[in-house]
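Using UniProt numbering, the first residue of the sequence shown is number 1, and each one after it goes up by one. Each residue gets a CB set at the ideal place from its N, CA and C atoms; glycine is no exception. These numbers were taken from a predicted model, which means no experiment stands behind them. Inspection log for the structure reproduced underneath, given as structure tokens.
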Amino acid sequence: MQGCPLPLPFQIHCIARAIWRNYCTNIVITSKTLYPKSLKGDPKPIFRCQCDPSTVHAPALVPESADHSTKQTTLLVEAFHEKQRLKDLLERLNMKDSSPLQILQDEGDWPKEHFWAVIRFLRHASRAKEILQVFDVWNNTEKSRINEFNYEMIIGCLGEEGLMEEAVLAFKEMKSHGLHPSLQIYHSIIHGYARNCEFDDALSYLNEMKDVNLAPETDTYEGLIEAYGKCRMYDEMGMCVKKMELDGCLPERSTYNLLMRESARGGLLTRMERIYQTMRSKRMNFQPSTLIAMLEAYVDFGIVEKMERVIRRVLNSKTYLKEHLVRKMARVYIENYMFSRLEDLGLNVSSKTGRTDLFWCLRLLSHACLLSRKGMDSIILEMEEEKIPWNVTVANIILLAYLKMKDFTRLRALLAELPTLGVKPDIVTVGILFDAKMNGFNGKGIEETWRRMGLINWSVEMNTDALVLSAFGKGYFLKKCEQAYSSLEPEAREDKRWTYRYLVDMVAKHSERPSAEES
């Protein structure tokens with residue numbers, strides 16, 4: 001080789017992109033530079049030689065192994081065909097009146113991946129009763145499949161589906177093969193019976209588990225505690241905790257969280273608060289679901305002070321807050337005439353839920369219920385700055401506030417502006433106009449506009465957020481509509497085409513000036 005001489009001995013291997021390395025000396029050669037790869041503890045190169053690229057000739061490259069390439073291609077092809085076979089199998093299962101047992105008998109056998117895919121299909125298709133017979137045929141096709149793992153999986157599936165007769169059949173069949181049920185298998189049987197509120201059977205298998213020297217664990221009792229709570233057997237839930245302690249299983253953090261959740265869901269506030277204090281004294285962390293259950297309990301009882309204390313803990317944690325719970329909290333504030341708290345609620349929960357329609361609804365509703373024009377205007381201005389489009393809930397909140405204030409000038413202006421704002425009126429909007437007319441409002445111009453739009457012949461829709469009616473109540477028009485609807489038989493309700501024209505004419509015929517309470 002001409003140019004820069006290379007140290008000997010020198011064994012060159014091509015690894016990629018015209019780069020060669022001597023694995024004995026750890027020297028790497030490129031077409032331009034000769035340098036050693038850095039070694040741990042030797043940060044400086046051993047030597048560096050700049051060479052004329054024209055004088056350095058690469059040795060012949062060693063081609064990649066053809067055998068390796070062939071094997072890789074074969075694996076890819078096999079994987080493709082395997083995926084296609086599984087897809088075909090699932091398509092056959094999805095056919096009407098398909099029989100997985102018949103398909104298995106036709107095909108002779110399935111690999112384990114196909115078998116478990118079929119089991120998942122049967123569960124998702126609410127056909128779990130077919131699982132055991134398919135398992136028996138598949139299991140007996142090859143004796144090596146008769147093992148603890150497969151039985152554990154099947155018994156677990158059947159237990160979760162509440163099919164305890166089938167689960168016990170598999171359990172007995174397993175023992176007939178000389179296999180010893182694991183703790184997990186006993187858990188599946190015990191908890192399956194418990195979820196069905198069949199506690200005598202559950203406790204029978206608990207005793208059997210002890211007889212075969214399988215000691216109960218915390219999970220064993222937690223499954224029973226949860227089931228007692230679900231079946232509203234709260235005294236038995238307490239006795240289960242005592243039995244757990246007698247068996248040497250001390251309640252853990254998960255146990256206390258579970259007890260708190262079940263007590264909260266059962267409305268046992270005293271017991272829930274006692275467990276809460278115990279956890280505080282033991283410096284135990286509260287699981288997100290526990291905080292939510294506690295919050296819901298206070299919301300259901302309308303205990304504002306304690307509700308607010310827990311919501312602060314929820315907001316300071318990473319707990320996700322569902323919209324339905326935010327709505328329930330809003331109703332508590334509305335029922336207690338604490339309208340200013342609605343805006344606080346909207347602002348506080350926005351960190352969890354984002355600036356949704358509910359966020360704007362709560363804030364606008366807060367000012368509307370307080371009949372604050374300035375407050376409503378500030379929220380609308382903020383919406384405009386953030387380019388938030390109007391919807392019928394926003395419009396109806398403001399219209400109801402104007403109606404309550406008897407500010408007919410602003411009421412007329414906003415009703416006339418609805419088409420420009422892209423807001424489609426609903427039954428609440430129509431009711432606002434009707435009630436306003438009964439209170440002296442001249443709505444002929446608005447009615448004429450709606451007739452030209454064809455709205456009067458539209459089918460009735462209710463798109464306003466339910467919180468709006470919780471806050472303002474139902475006006476005269478809506479109450480009369482409800483009465484008319486309730487007076488009809490279910491068949492007549494379905495047959496009738498409910499249009500705004502029909503409702504307005506019907507209420508107008510039977511209308512009398514509403515009382516002060518109705519207006």
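**Item:** Proximity below 7 angstroms, CB of I275 to CB of Y256
**Value:** Yes, they are a contact pair.
Given E262 as reference, the closest of C249, E245 and V241 once Cα atoms are compared | Among C249, E245 and V241, the Cα nearest to that of E262 belongs to V241.
I'd like the span of the alpha helix (DSSP H) that includes T393, first residue to last. Its alpha helix (DSSP H) spans residues V392 to M405.
| message | Between which two residues does the alpha helix (DSSP H) holding V428 run? | response | Element bounds for V428: I427 to M438.
Q) Identify the residues that DSSP records as bridge partners of residue 578: which are they? A) There is simply no residue 578 to check, as the chain begins at 1 and stops at 519 in what is shown.
Cβ-based neighbour list, N463, same chain, cut-off 7 angstroms, excluding 5 preceding and 5 following:
The answer, listed in chain order, is V392 and D426.
Under a three-way DSSP split, which group does D300 fall into?
Annotated three-state conformation of D300 is helix, per DSSP.
Handout entry: Buried/exposed call for F47, threshold 16 Cβ in 10 Å
Key = For F47, the predicted structure reports a pLDDT of 39, less than 50, and the residue's modelled location is therefore unreliable. The matter cannot be settled from this model.
Discussion item. Using the three-state DSSP reduction, which class does D97 fall into: helix, strand or coil?
Written reply: DSSP places D97 in coil when its eight states are reduced to three.
Item to complete: Going by CA-CA distance only, name the one from K210, D211 and L259 that's closest to K230.
Response: Considering only K210, D211 and L259, the residue with the shortest C-alpha distance to K230 is L259.
- Message: Check for me: the alpha helix (DSSP H) holding C240 runs from which residue to which?
- Response: For C240, the uninterrupted alpha helix (DSSP H) run begins and ends at Y234 to L246, by DSSP.
Quiz item: From A492, N457, E489 and S470, pick the residue whose C-alpha is nearest to that of V504; which is it?
Solution: Residue nearest to V504 within the set A492, N457, E489 and S470 is N457 (criterion: CA-CA distance).
- Query: Does DSSP put T30 in a helix, in a strand, or in coil?
  - Reply: Note on T30: pLDDT 47, under 50, position unreliable in the model; no value is reported.
Buried or exposed by the 16-neighbour rule on C-beta atoms within 10 Å, applied to C481:
Under this definition C481 is a buried residue.
| said: Assuming contact is defined by CB atoms lying nearer than 7 angstroms, are S188 and I154 in contact in what I supplied? | reply: In this structure, I154 does not lie closer than 7 angstroms to S188 by Cβ.
Determine the extent of the alpha helix (DSSP H) in which G422 is found, giving its start and end residues.
Run containing G422: none; DSSP gives neither H nor E here.
- Message: Rounding to the nearest angstrom, what Cα-Cα distance links E491 and Y485 in this structure?
- Response: About 11 angstroms.
M284 beta carbon less than 7 angstroms from that of V310 = In terms of Cβ geometry, V310 and M284 do not form a close pair [threshold 7 angstroms].
### Message
Tell me the rounded alpha-carbon separation between C157 and R120.
### Response
Approximately 9 angstroms, taken between the alpha carbons.
- Task: Evaluate S176 with the Cβ neighbour count: other Cβ atoms within 10 Å of its Cβ, from every protein chain shown; 16 or more gives buried, anything less gives exposed.
- Result: Its Cβ having fewer than 16 others within 10 Å, S176 is exposed.
Exercise. Out of L246, G248 and C197, point me to the one whose CA is closest to Y228's CA.
Key: Considering only alpha carbons, the answer is C197.
| Where H191 and S470 are concerned, what is the direct C-alpha to C-alpha distance, given to the nearest angstrom? | It is roughly 42 angstroms from the alpha-carbon of H191 to the alpha-carbon of S470.
- Task: With a cut-off of 8 angstroms on the beta carbons, I'd call L399 and T353 a contact; round off their distance for me.
- Result: Not confirmed; about 26 angstroms, so no contact.
Since G162 is in the alpha helix (DSSP H), which residue starts that stretch and which ends it? Where G162 is concerned, there is no enclosing alpha helix (DSSP H), given that its DSSP letter is neither H nor E.
**Request:** In the DSSP assignment, find the unbroken alpha helix (DSSP H) run with A125 in it and report its ends.
**Result:** Here A125 belongs to no alpha helix (DSSP H), and DSSP marks it neither H nor E.
query = Apart from the five residues on each side of it in sequence, which residues of its chain come closer than 7 angstroms, Cβ to Cβ, to E161?
reply = Apart from the 5 residues on each side of it in sequence, E161 sits with its Cβ closer than 7 angstroms to the Cβ of R123 and A128 in its chain, given in chain order.
query: Is the stretch 94 to 110 touching the stretch 131 to 149 in the sense that three or more CB pairs, one from each, lie closer than 8 angstroms?
result: Output reads yes: the stretch 94 to 110 touches the stretch 131 to 149.
message: For a quick check, are the C-beta atoms of A330 and A297 less than 7 angstroms apart?
response: Contact flag unset, no.
Next item on the list: Can you tell me which of F115, D495, N147 and E222 puts its alpha carbon nearest to the alpha carbon of Q133?
Entry: Of the candidates F115, D495, N147 and E222, the one whose C-alpha sits nearest the C-alpha of Q133 is F115.
For R312, which of N336, T278 and L347 has the nearest alpha-carbon?
The residue with the shortest Cα to Cα distance from R312 is L347.
* Starting from Q483, follow the alpha helix (DSSP H) in both directions and report where the run begins and ends. => Run containing Q483: Y476 to S487, per the alpha helix (DSSP H) assignment.
request  = Please confirm if the stretch 364 to 384 is in contact with the stretch 435 to 447, defined as three or more CB-CB distances below 8 angstroms between the two stretches.
outcome  = Verdict: no, contact absent.
Practice item. Go to A264, then tell me how far its alpha helix (DSSP H) extends in each direction, as first and last residue. Key: Looking at the DSSP string, the run of the alpha helix (DSSP H) that includes A264 is R253 to R265.
So is M405 buried or exposed if we call it buried at 16+ other beta carbons inside 10 Å? So M405 ends up on the exposed side.
Cα-Cα, which of D357, R271, D219 and T218 is closest to D235? Taking only the C-alpha atoms, the option nearest D235 is R271.
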